[in-house]
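A.B. asks:
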């Protein structure tokens, strides 16, 4: 997809994340950047005390303009300043740094749902959310293994008909995976040709949406040395190689499988834009070693672009003004680019 640079700016919903972590500090540092404020129509959603606290920690003061709701986001005369929708989801007395509690988790869910409603109503084009904590969200009402599955159900994505997964990105390098937050012993239960094909197609098409014209995608093997011709596992021979061949037959220029301990060297050197991995840590370890402070998570396969920094709430440094904003900056920029694509659908 080619993006029309003359189209109106994307409306990006931005959240502060879990109040016990570094989210509000990060968002304050993000919005202190002039190029960020000028790149999109930003709608910050959160409790005012949390936003003010984030600015205080970061040592910045960012002027925002209050609006009543997302229905004003496309037309409000904001003069390039972030717009702010104040909500009252969390009493300050119930939020403490480095504490994963139900009140913070419930607040995160409520605000994310509000942002998704805006995207469904075409009042926003993308969401970039501050770091959240799965434990807090689960005790606060999350009924799924992670936020991705909550997003999918909320947005009406049928898991039996539509493949979705987290993408992890580092600069121009993206990864997807066949299985995610499951025990390692269960990984092979998720390994089949259709899932591999769906993962390959999804990341290829998502790269197109992100502005990469001819994506180069590789598939990782499951077993050491790619199975060594079947002597170290037959999943490559029986499942992965046939899936890659079918992808090629359907017109997707996807290569592999390559042993997981070498494919990321090729990707690091620019031979590939994306790697389809077989399980969570196979890609996560590589991406985080290559640049933990710049990693981004993209919620792939949803009808709405949703991004977040790949790191967590960093409870150990919450409230200390030590948080590095780079991953949040990269997550926001991806949300802007993908939001433009969503806007033009």
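Residue numbers (our numbering): 1007 to 1351. Idealized CB from N, CA, C, for every residue including glycine.
1. Considering residue 1157, what are the terminal residues of the alpha helix (DSSP H) in which it resides?
2. Could you tell me the alpha carbon to alpha carbon distance between residue 1133 and residue 1347, rounded to whole angstroms?
3. What distance in whole Å lies between the Cβ atoms of residue 1176 and residue 1197, which are believed to be in contact at a cut-off of 8 Å?
4. Can you tell me whether DSSP reads residue 1009 as helix, strand or coil?
5. Between which two residues does the beta strand (DSSP E) harbouring residue 1083 extend?
6. Straight-line CA distance for residue 1217 to residue 1098?
7. Can you tell me whether DSSP reads residue 1332 as helix, strand or coil?
8. Give the straight-line distance between the Cα atoms of residue 1297 and residue 1274, rounded to the nearest whole angstrom.
9. Look at the alpha carbon of residue 1166 and the alpha carbon of residue 1090, and state the distance between them as a whole number of angstroms.
10. Alpha carbon to alpha carbon, how far is residue 1048 from residue 1242?
11. Give me the residue from 1223, 1191, 1199 and 1257 with the minimum Cα distance to residue 1179.
12. Whose C-beta lies closer than 7 Å to the C-beta of residue 1249 among residues of the same chain, with five residues either side of it excluded?
13. Could you check the C-alpha separation between residue 1271 and residue 1068 for me, to the nearest Å?
14. In three-state terms, what does DSSP make of residue 1088?
15. Put residue 1279 into one of helix, strand or coil per three-state DSSP.
16. Start and end of the beta strand (DSSP E) containing residue 1069?
C.D. replies: Inspection of the coordinates gives the following:
1. Taking the first residue of the chain shown as 1, we reach residue 1157 at position 151. That run of the alpha helix (DSSP H) goes 1153-1160.
2. Stepping through the chain shown from its first residue, residue 1133 is reached at position 127. Stepping through the chain shown from its first residue, residue 1347 is reached at position 341. So the alpha carbons of these two residues sit roughly 13 Å apart.
3. For this step, residue 1197 is matched to residue 191 along the chain shown. For this step, residue 1176 is matched to residue 170 along the chain shown. No, residue 1197 and residue 1176 are not in contact; Cβ-Cβ is about 25 Å, not under 8 Å.
4. Here residue 1009 refers to the residue found at position 3 when the chain shown is read from its first residue. Any answer about residue 1009 is weak, because its pLDDT of 45 lies below 50 and its placement is not dependable; what the coordinates show is given next. In the structure shown, residue 1009 sits in coil (DSSP, three-state: anything other than H, G, I, E or B).
5. Here the question's residue 1083 lines up with position 77 in the chain shown. No beta strand (DSSP E) contains residue 1083, which DSSP labels as neither H nor E.
6. Numbered from its first residue, the chain shown carries residue 1217 at position 211. Numbered from its first residue, the chain shown carries residue 1098 at position 92. Taking the straight line from one Cα to the other gives about 41 Å.
7. Taking the chain shown and counting its residues from 1, one reaches residue 1332 at position 326. Per DSSP, reduced to three states, the secondary structure at residue 1332 is helical.
8. Here residue 1297 is taken as the residue at index 291 of the chain shown, counted from 1. Here residue 1274 is taken as the residue at index 268 of the chain shown, counted from 1. Looking at the two C-alpha atoms, the distance is approximately 11 Å.
9. Indexing the chain shown from 1 puts residue 1166 at position 160. Indexing the chain shown from 1 puts residue 1090 at position 84. As the crow flies, the alpha-carbon of residue 1166 is around 37 Å from that of residue 1090.
10. Your numbering for residue 1048 matches position 42 in the chain shown. Your numbering for residue 1242 matches position 236 in the chain shown. The alpha-carbon of residue 1048 is positioned some 45 Å away from that of residue 1242.
11. In the chain shown, the residue the question calls residue 1179 occupies position 173. For residue 1179, the closest alpha carbon among the candidates 1223, 1191, 1199 and 1257 is that of 1223.
12. Taking the chain shown and counting its residues from 1, one reaches residue 1249 at position 243. Correct list, in chain order: 1199, 1202 and 1203.
13. The count along the chain shown starts at 1 and reaches residue 1271 at position 265. The count along the chain shown starts at 1 and reaches residue 1068 at position 62. Going from the Cα of residue 1271 to the Cα of residue 1068 covers about 41 Å.
14. Taking the chain shown and counting its residues from 1, the one referred to as residue 1088 is at position 82. Reduced to three states, the DSSP call for residue 1088 is coil.
15. Taking the first residue of the chain shown as 1, we reach residue 1279 at position 273. Coil, per DSSP.
16. For the purposes of this step, residue 1069 is identified with residue 63 of the chain shown, where counting begins at 1. Where residue 1069 is concerned, there is no enclosing beta strand (DSSP E), given that its DSSP letter is neither H nor E.
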